[in-house]
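Scroll down for the structure; my scribbles are underneath it.
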Amino acid sequence: MRRILLALCALTLLPISTLHADAIKQTKGNFEDKFRQLDEVLPTPNVYRNAAGEPGHQYWQQQVDYTIAARLIEDQRRLEATQDITYYNNSPDTLKYLWVQLDQNKFKDDSMSALTTTFGGIGNRGPGTKSMSDDEPAQISLSALRRQQFVDDTELGYTISRVVDGLGNTLSYTTVGTLMRVDLLTPLKSGDRTRFTMDFAFNIVEEDAVSARAGYEHFPDDAREGGNDIFLLAQWFPRLAAYTDYEAWTNKEFIGRGEFTLEFGNYDVSLTVPADHIVSATGVLQNPKDVLTAEQQRRLEQAKTDERTVFVVTEEEALENEKAGTSDSKTWRFTAKNVRDFAWASSRKFMWDARGYQQGGDVMPVVMAMSFFPKEGGDLWKKYSTESIIHTMDVYTRFSFDYPYPVAQSVNGPVGGMEYPMITFNGPRTELQDDGSRTYSQAEKRFLIGVVIHEVGHIYFPMIVNSDERQWTWMDEGLNSFLDGVAGREWDPTIPWGVEPRDIAGYMKSSVQVPIMTQSDSVLRLGPNAYTKPAAALNILRETILGRELFDFAFKEYAQRWMYKRPTPSDFFRTMEEASGVDLDWFWRGWFYTTDHVDISVDRVYQLRLDTEDPDIDFARERQEELDKPKSLTDERNKAEGKELWVDRFSDISDFYDQNDRFTVTNKERNSYKKFLKDLKPWERKALERAVAEDKHYYVMDFSNHGGLVMPIILEMTFTDGSTDMMRIPAEIWRRTPKAVSKLIITDKELASVTVDPRWETADVDTQNNHYPRQIIKSRIESYKSKPRSGKVYRDIMHDSTTELKTEDDDATEDEGSSDNNEG
Amino acid sequence: MTIRTPLLLCLVVMLSMSVCSVSAHQQKSGLTTVLFNPRTDNIEVMHRFYMHDAEHAVKTLFDKTADIIKSAETQAQFAEYVAQRFALYNELDQAFALDLVGFEVEGQHFWIYQETATPPNMGKISVRHDVLRDIWPEQNNLINFEGKGQVQSLEFADNVELLSVEFAPHAH
Numbered sequence: 000m001r002r003i004l005l006a007l008c009a010l011t012l013l014p015i016s017t018l019h020a021d022a023i024k025q026t027k028g029n030f031e032d033k034f035r036q037l038d039e040v041l042p043t044p045n046v047y048r049n050a051a052g053e054p055g056h057q058y059w060q061q062q063v064d065y066t067i068a069a070r071l072i073e074d075q076r077r078l079e080a081t082q083d084i085t086y087y088n089n090s091p092d093t094l095k096y097l098w099v100q101l102d103q104n105k106f107k108d109d110s111m112s113a114l115t116t117t118f119g120g121i122g123n124r125g126p127g128t129k130s131m132s133d134d135e136p137a138q139i140s141l142s143a144l145r146r147q148q149f150v151d152d153t154e155l156g157y158t159i160s161r162v163v164d165g166l167g168n169t170l171s172y173t174t175v176g177t178l179m180r181v182d183l184l185t186p187l188k189s190g191d192r193t194r195f196t197m198d199f200a201f202n203i204v205e206e207d208a209v210s211a212r213a214g215y216e217h218f219p220d221d222a223r224e225g226g227n228d229i230f231l232l233a234q235w236f237p238r239l240a241a242y243t244d245y246e247a248w249t250n251k252e253f254i255g256r257g258e259f260t261l262e263f264g265n266y267d268v269s270l271t272v273p274a275d276h277i278v279s280a281t282g283v284l285q286n287p288k289d290v291l292t293a294e295q296q297r298r299l300e301q302a303k304t305d306e307r308t309v310f311v312v313t314e315e316e317a318l319e320n321e322k323a324g325t326s327d328s329k330t331w332r333f334t335a336k337n338v339r340d341f342a343w344a345s346s347r348k349f350m351w352d353a354r355g356y357q358q359g360g361d362v363m364p365v366v367m368a369m370s371f372f373p374k375e376g377g378d379l380w381k382k383y384s385t386e387s388i389i390h391t392m393d394v395y396t397r398f399s400f401d402y403p404y405p406v407a408q409s410v411n412g413p414v415g416g417m418e419y420p421m422i423t424f425n426g427p428r429t430e431l432q433d434d435g436s437r438t439y440s441q442a443e444k445r446f447l448i449g450v451v452i453h454e455v456g457h458i459y460f461p462m463i464v465n466s467d468e469r470q471w472t473w474m475d476e477g478l479n480s481f482l483d484g485v486a487g488r489e490w491d492p493t494i495p496w497g498v499e500p501r502d503i504a505g506y507m508k509s510s511v512q513v514p515i516m517t518q519s520d521s522v523l524r525l526g527p528n529a530y531t532k533p534a535a536a537l538n539i540l541r542e543t544i545l546g547r548e549l550f551d552f553a554f555k556e557y558a559q560r561w562m563y564k565r566p567t568p569s570d571f572f573r574t575m576e577e578a579s580g581v582d583l584d585w586f587w588r589g590w591f592y593t594t595d596h597v598d599i600s601v602d603r604v605y606q607l608r609l610d611t612e613d614p615d616i617d618f619a620r621e622r623q624e625e626l627d628k629p630k631s632l633t634d635e636r637n638k639a640e641g642k643e644l645w646v647d648r649f650s651d652i653s654d655f656y657d658q659n660d661r662f663t664v665t666n667k668e669r670n671s672y673k674k675f676l677k678d679l680k681p682w683e684r685k686a687l688e689r690a691v692a693e694d695k696h697y698y699v700m701d702f703s704n705h706g707g708l709v710m711p712i713i714l715e716m717t718f719t720d721g722s723t724d725m726m727r728i729p730a731e732i733w734r735r736t737p738k739a740v741s742k743l744i745i746t747d748k749e750l751a752s753v754t755v756d757p758r759w760e761t762a763d764v765d766t767q768n769n770h771y772p773r774q775i776i777k778s779r780i781e782s783y784k785s786k787p788r789s790g791k792v793y794r795d796i797m798h799d800s801t802t803e804l805k806t807e808d809d810d811a812t813e814d815e816g817s818s819d820n821n822e823g
Numbered sequence: 000m001t002i003r004t005p006l007l008l009c010l011v012v013m014l015s016m017s018v019c020s021v022s023a024h025q026q027k028s029g030l031t032t033v034l035f036n037p038r039t040d041n042i043e044v045m046h047r048f049y050m051h052d053a054e055h056a057v058k059t060l061f062d063k064t065a066d067i068i069k070s071a072e073t074q075a076q077f078a079e080y081v082a083q084r085f086a087l088y089n090e091l092d093q094a095f096a097l098d099l100v101g102f103e104v105e106g107q108h109f110w111i112y113q114e115t116a117t118p119p120n121m122g123k124i125s126v127r128h129d130v131l132r133d134i135w136p137e138q139n140n141l142i143n144f145e146g147k148g149q150v151q152s153l154e155f156a157d158n159v160e161l162l163s164v165e166f167a168p169h170a171h
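Chains U and A supply the protein sequences, listed in that same order.
Residue 528 in numbering that gives the first Met the number 0 sits at position 529 of the first sequence; the count goes up by one each step and never skips.
Residue 6 in numbering that gives the first Met the number 0 sits at position 7 of the second sequence; the count goes up by one each step and never skips.
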């Protein structure tokens, strides 16, 4: 009986939940409303987040201040620390416990991250494995073995030795994977704050072995016995999980992909490291006299106003430094206000350059741009790191707000590229050649400039515009990739930066696409999904749909509204729409909530001609139309054979109809026309007369949408006189018939051809159907084969320029070489 | 039944650059278009790789002096490597003889072109796409099949070795 009841419940629940998932439904026919407003999808606006996408009038967020004293034990590659945490409960709720993030626990061998890494499949970033197949045994790479061995040999994850409240009372806590719940002795009421202290320690991971976002890198070949290390410390102290108005505690396990959801606060951090180390950290150094020489302090001061970059620690000094070691230690103290995280780097290998960025304004008139790098960074870093930091601030500030922090730093270490407040880790290096020199490739140079712009850009998004990275990678990576593309082009547009709409077409037409609105850990192909596609979408929004004026205003509004606050996707969508004054729900729906792509086809163009009703005009036109038709083949051949016509042979059989064809106008028609004109209302007569006088060209164009994504129809019309005209039809043309539309276009000149999206602005995946009349669009292979390989464009100048100048003697013995890279 | 022991494939150079991807960054992803071209009656294969990926790859695959930007020889060598690690098979598991048409650099991409005549009555094609996956486990290659109805995609990532697509018979 009971079982039957349960089964019935399950049955009745099913349709209800389906109904709930899609409240409004087209249940007949196949009409799809591509312009349906997003209200049913977005969360209901409230006092914390209003309908304009702004922080509501009762917006709140928590604050967490940290005072940390940490010691780096270099020979053990271990960190030991104690931290005092002050937690401000600004929420309207009473909290009985606090959740703390223990990110180092991800590296434990029993973590969710480790246990859910599939063999030869998804899971950790980094070292891989390969499953067995029909003809090959299973494979495991040496780096995967290295990772395994490192994890076996090193105890990873936090050791937490003490958790006490402000009065020294022990607090009980429960560890849940990469999180811990700290139970408060008394519930923390709204508006109150609490203090507690934690002692913790952990062994630092070797970045190259486990592929993390921080860790140490060992340099065994340095002159110092045993070599040297660069230490990058991030996710290093237990950080409070965010408590939010939209999700309460954001306690979602750290699996590896989805990054961080954090609170703002003030930091006072003392870092005790070997005395010969140079430290770079979030915040401003409070005790330069204790840790820098008088000369270094003088150089740092000079750098604030110098026109060019100044070395605080020179290459020679760094090289000298890395040769020896010390058993002494020094403590570097940094403070940082209103940051959501704290990271640092320490090594005796660092040289250090700096230049003051004269930002002006009241917020932060001078920002110290600084780079820290070993000899392995070399000239590449000397030339481009600090410059790229300054360029980034210059551009990003225009799109958002003045850079609000006193320093912006780029540090070279084992991490390819990672961002923290005021400090970024960037990977590109020079390469040591056999002759002892260090060189770098063009790609590595582009990588350095690109990665510094990207990571420093992240100080704006999400370090200041504090989006929830664990949920939405695109909110920081997409927005930041869009802006790094803008900044990159302003650095040097000849470098292909890769946020053009055309760059995403291959991904968007594929069947492996997932919606951008997918939680970070579940996204397939994170690069094109969370970086390139949203960046290309914003580019299209700026250059094609809204225009720069409206887009830039709305984007800046979003940045300023959410500076030091926590936006969600709906806040971005609503702000962009509300501030630009343009309904963009269709755009968010298509680009962010679906996997549609753009493929608009112009199927047919036909011409209409106005009937004037005047028989003297219309009959003559009809006669001409008849004459324009192809002649009868039979008549033509008869004539060619010299056949004489019967009517020509006997002149007496011709009559009136031989002189007047069926298009001859008589007064009967003229009288009828006069009556027609007389019966017209004055406005009708006026409109007809004007249309007859102007004699314009009327064309009806049929378009169809094969990709599903509705977009503006951008039309280039070429006329018979060779001139062209552009027409931009808003996407709303698709609102009632999303699969096909027809448009009447009236022109003065006669049309020769039309092209849809001639400048490839919309990420249209198929350009074959963008032309009328159809053109043969060659495939890449066809056009490759047909290219004249001797054209100037095909010269490999970079290679050719290394050619030595030949003497006349050489010419006599040798044919000129060719750099042609065509095999065929 | 024998248990096969794991084989050490090769020393994988960890470049530890998987933290984030920016445009100038190593992407470790390839895009291949397989186009059934009705004009030429050929199956055209167009591989696209990032120059930055190729630049690092050739130094691992060939030797440290290999230079994909300056050296036409390295470019040819890389194209040859790509051709060797990509294969299409018919329903009888016979590999198509793909001609290496050529290669070129365009912006941030390196392109390699292959082609073969389209056989009549083709229902199913199997693909092997191991390019760069021998040196980087995180390399993923996306293939779009175009020119036969809806675009069909195959993704080679993780432990995927052999994938196939089926094409609906022509309507008469």
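The beta-carbon is built from N, C-alpha and C at its ideal position, and this holds for glycine as well.
Since the model is a prediction, treat every value here as computed from it, not as a measurement.
Of all residues in the region 106-133 of chain A, those with a C-beta nearer than 9 Å to a C-beta of chain U are G106, Q107, H108, W110, Y112, Q113, E114, R132, reading in chain order.
Counting only the Cα atoms, Q107 of chain A lies some 13 Å from R501 of chain U. Going by DSSP, A407 of chain U is part of no alpha helix (DSSP H) but of the beta strand (DSSP E) stretching over 406-411. Around the beta carbon of S210 of chain U, 16 or more other beta carbons lie within 10 angstroms, which makes this residue buried. Of all residues in the region 68-88 of chain A, only I68, K69, S70, A71, Q74, A75, A78 place a beta-carbon less than 8 Å from a beta-carbon of chain U.
Under the three-state reduction of DSSP, I775 of chain U is assigned to coil, being neither helix nor strand. The straight-line gap separating the alpha-carbon atoms of K685 of chain U and V764 of chain U is approximately 47 Å. Listed as beta-bridge partners of I111 of chain A by DSSP are A:H46, A:F102. Uninterrupted alpha helix (DSSP H) stretches at least 4 residues long and entirely within the region 713-767 of chain U do not occur. Rounded to whole angstroms, the Cβ separation of F236 of chain U and Q82 of chain U is 6 Å, and the two are in contact under 8 Å. For the region 28-49 of chain A, the set of residues with a beta-carbon nearer than 9 Å to any beta-carbon of chain U comprises S28, L30, T32, L34, N36, R38, T39, N41, E43, V44, M45, R47, Y49, in chain order. Between Y215 of chain U and Q76 of chain A, the alpha-carbon positions lie close to 36 Å from each other.
DSSP places Y605 of chain U inside the beta strand (DSSP E), whose first and last residues are 599-607. Going by C-alpha positions, K738 of chain U is about 7 Å away from G707 of chain U.
In the three-state DSSP reduction, H596 of chain U falls in the strand class (E or B). Within the same chain, Cβ atoms closer than 7 Å to the Cβ of D475 of chain U are found at H457, F460, P461, S466, E468, the five residues on either side in sequence being excluded.
Beta-carbon to beta-carbon, V150 of chain A and N140 of chain A are separated by about 16 Å, too far to satisfy the 8 Å threshold. In the three-state scheme derived from DSSP, where H, G and I count as helix and E and B as strand, H56 of chain U is classed as coil. Put simply, the CB of T260 of chain U is far from chain A, with every gap to its CB atoms at 9 Å or more. Between F201 of chain U and Y172 of chain U a beta carbon distance of about 16 Å is seen, past the 8 Å cut, so the two are scored as non-contacting.
Of U:R573, U:R565, U:K784, the smallest CA-CA separation from F554 of chain U is found for U:R573. Residue contact check for L97 of chain A against chain U: no CB pair falls below 9 Å. With 16 or more other Cβ atoms inside 10 Å of its own Cβ, E206 of chain U counts as buried.
A direct Cα-to-Cα measurement between N265 of chain U and S70 of chain A gives close to 53 Å. Against I422 of chain U, chain A offers no close residue; the least beta-carbon distance is about 14 Å (beta-carbon pairs closer than 8 Å). For a cut-off of 8 Å, the C-beta gap from I776 of chain U to Q767 of chain U is around 5 Å, short enough to register as a contact. Interface residue (Cβ-Cβ distance to chain A less than 9 Å): Q470 of chain U is not classified as such. Ranked by Cα distance from D401 of chain U, the options U:A407, U:M392, U:Q408 are led by U:M392. Listed as beta-bridge partners of R161 of chain U by DSSP are U:D198. The CB of Q26 of chain A comes closer than 7 Å to the CB of G526 in chain U, given here in chain order. Contact annotation: F586 of chain U and L540 of chain U have beta-carbon atoms nearer than 9 Å.
Distance from the CA of P186 of chain U to the CA of T93 of chain U, rounded to the nearest whole angstrom, comes to 6 Å. Taking the CA atoms as reference points, E418 of chain U sits about 21 Å from K532 of chain U.
I42 of chain A is positioned such that its CB atom lies closer than 9 Å to that of L87 of chain A. In terms of Cβ geometry, V130 of chain A and F85 of chain A form a close pair [threshold 9 Å]. The way I'd put it, the region 507-522 of chain U doesn't touch the region 431-451 of chain U; fewer than three beta-carbon pairs between them come closer than 8 Å.
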